[in-house]
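Quick notes on the structure that follows.
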Amino acid sequence: MSDTNPSVAADADGTTDAAQDVSIAVEDLTKVYDGDVLAVDGISFDVAAGDFCVIIGPSGCGKSTTLRSMVGDLSPTSGRIYVDGVDVTETPTYKRDIGLVFQDFQLFPHLTVRENVEYGLERVGAPPAERDEKVEDVLELMKLESLADSPSDELSAGQKQRVALARSLVLEPNVLLLDEPLGDLDYKLQKRLERELLDIHHQVETTFVYVTHDQRQAMRLADQIVVMNDGHVEQSAPSDEIYNHPATAFVATFVGDSNVFTGELTDVVEPGVARMDTPFGTFDVSAENLYSDPEELLGETLPFAVRPQFLRVDETAPNTVDCAVEDVIHQPGKGTKLILEATDADGEPKQLELTTHDTYDSLDERVVAGWDPADTILLERISVTDSVDLERDLLGE
Ligand code: ADP
């Protein structure tokens, strides 16, 4: 399995082997609330220095518990947290070299922008001259100079985000944790603030760790994504690896849209290409995403996914399935999304999604959807937990 979270071994002095490159590391973290709620179950992942890491997963999977353990306002039941190679598990929050931006930004409404930004420096006892210099620098970086004397309760949401970031970044933390900061905003504003956030991230050397349940936001922001489920890490990897080589069916369906088939692996037709017998036909699929040698899986039933952009209307494609057009959704600038319905030998329907630049008007039209073996992702594991059922939980069938 491409488990990209080798746990970080601590040396006697509390530093980790990969200390130069790893900004924050979570090692074997477990949190049990009230003696019986297992919120996080022995998870490990590292975040490389300077990366933008997004932790995602469904509600209740343990994201906040993980974040709060990193911040230090929650004591883990077991496990360690390292910042820049130093074990901070027992270190109070204010000494962890970590900044935090909350969901609603939590500015002091009665203070001006400058006073909000200066507040943390005062608390750590920075001398006035140093305070002034750092505040001016960060106000300039965040393009907040002209608003420096404005009361923070008169700012727009975008300006509030910049002040919240300025307030944390002025302390020059090694890591900035962001707890769903764009959660409650409308979509257009969210996308604008995401761009600003990325711009700011590019200008500073701070590692960002961002928690959200929104996988689309994760794909837009992240260098690295940690996908959590039921207190476990399903996969921690660069975002394109998560998308192209999901470790489990849970990841393939949670991150990005997928058309998922299930079939029996009946043959290995050439090296790296498996033949799958499904109720919708026989398809040749890439075995690249498997952990095992495909020969060892002969006779096994496995799911596989095809991303909508790789399905095309093409009866000459190596893999084809006959479909009825159920819906046509025009996406200006992005082509047209076709919602298709394929029917298996027993008359059971399956919905498929395909993106095309051709025009389809008639909903009664029939099309042949096709794809290449290389664009198929075989999914040997459903989830890292036993609690996930493919049909019931992932495909809603
Ligand atoms: P997420 O942020 O992914 O929604 P959380 O970390 O908040 O998940 O919660 C993980 C699990 O721990 C859930 O089952 C939740 O009900 C439980 N939980 C969270 N906080 C507490 C608490 N203070 N006391 C008891 N159970 C909690």
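Everything in the sequence shown is counted per the numbering used here, starting at 21 for the first residue and increasing by one.
Each residue gets a CB set at the ideal place from its N, CA and C atoms; glycine is no exception.
- By the neighbour-count definition (other C-beta atoms within 10 Å, threshold 16), residue 100 is a buried residue.
- The alpha-carbon separation between residue 343 and residue 377 amounts to approximately 18 angstroms.
- In chain order, the residues positioned with their C-beta nearer than 6 angstroms to some heavy atom of ligand 1 are 53, 54, 57, 59, 77, 79, 80, 81, 82, 83, 84, 85.
- Of the candidates 110, 109, 245, the residue whose Cα lies closest to the Cα of residue 71 is 245.
- For the set 304, 313, 229, 191, the Cα lying nearest the Cα of residue 88 is the one of 229.
- Here residue 368 is exposed, its C-beta having fewer than 16 other C-beta atoms within 10 Å.
- Look at residue 325 here: in three-state DSSP terms it is strand.
- By the beta-carbon neighbour count (other beta carbons within 10 angstroms, threshold 16), residue 349 is exposed.
- Around residue 141, the same chain offers 150, 151, 154, 155, 190, 191 as residues with beta carbons nearer than 8 angstroms, after the five sequence neighbours per side are excluded.
- A Cβ-Cβ contact shorter than 8 angstroms links residue 399 with residue 325.
- Relative to the Cα of residue 401, the nearest Cα in the group 409, 214, 394 belongs to 409.
- In this structure, the beta-carbon distance from residue 226 to residue 201 does not fall below 8 angstroms.
- Residue 252 counts as buried, since at least 16 other C-beta atoms from the protein chains shown sit within 10 angstroms of its C-beta.
- DSSP places residue 318 in the coil class of the three-state scheme, outside both helix and strand.
- Per DSSP, residue 351 lies in no alpha helix (DSSP H) and is assigned neither H nor E.
- In the structure shown, the three-state DSSP call for residue 308 is coil.
- Excluding residues up to 5 positions away in sequence, 230, 232, 238, 241, 242, 245 lie with their Cβ nearer than 7 angstroms to the Cβ of residue 74 in the same chain.
- Inter-residue distance for residue 68 and residue 386 is about 49 angstroms (C-alpha atoms, whole angstroms).
- As DSSP reads the structure, residue 295 sits in a beta bridge with 287, 304.
- Residue 390 is bridged by DSSP to 332, 340.
- Residue pairing by DSSP places residue 249 opposite 252 in a beta bridge.
- Shortest Cα-Cα distance from residue 124 to any of 205, 266, 345, 220 involves 205.
- The alpha-carbon of residue 281 is positioned some 25 angstroms away from that of residue 354.
- In this structure, 114 is the residue among 275, 248, 145, 114 with its C-alpha nearest to the C-alpha of residue 196.
- Residue 152 carries a helical assignment under DSSP once its states are collapsed to helix, strand and coil.
- Around the Cβ of residue 221, a 10 Å sphere holds 16 or more other Cβ atoms; the residue is buried.
- Taking C-beta separations shorter than 8 angstroms and ignoring five residues to either side along the sequence, the partners of residue 48 in its chain run 27, 62, 63, 64, 98, 99, 100, following chain order.
- With respect to the 8 angstroms criterion, residue 144 and residue 120 are not classified as neighbours on the basis of their beta carbons.
- For the options 307, 391, 77, the alpha carbon positioned closest to that of residue 334 is the one of 391.
- Rounded to whole angstroms, the gap between the alpha carbons of residue 328 and residue 356 is 11 angstroms.
- Taking the CA atoms as reference points, residue 235 sits about 8 angstroms from residue 77.
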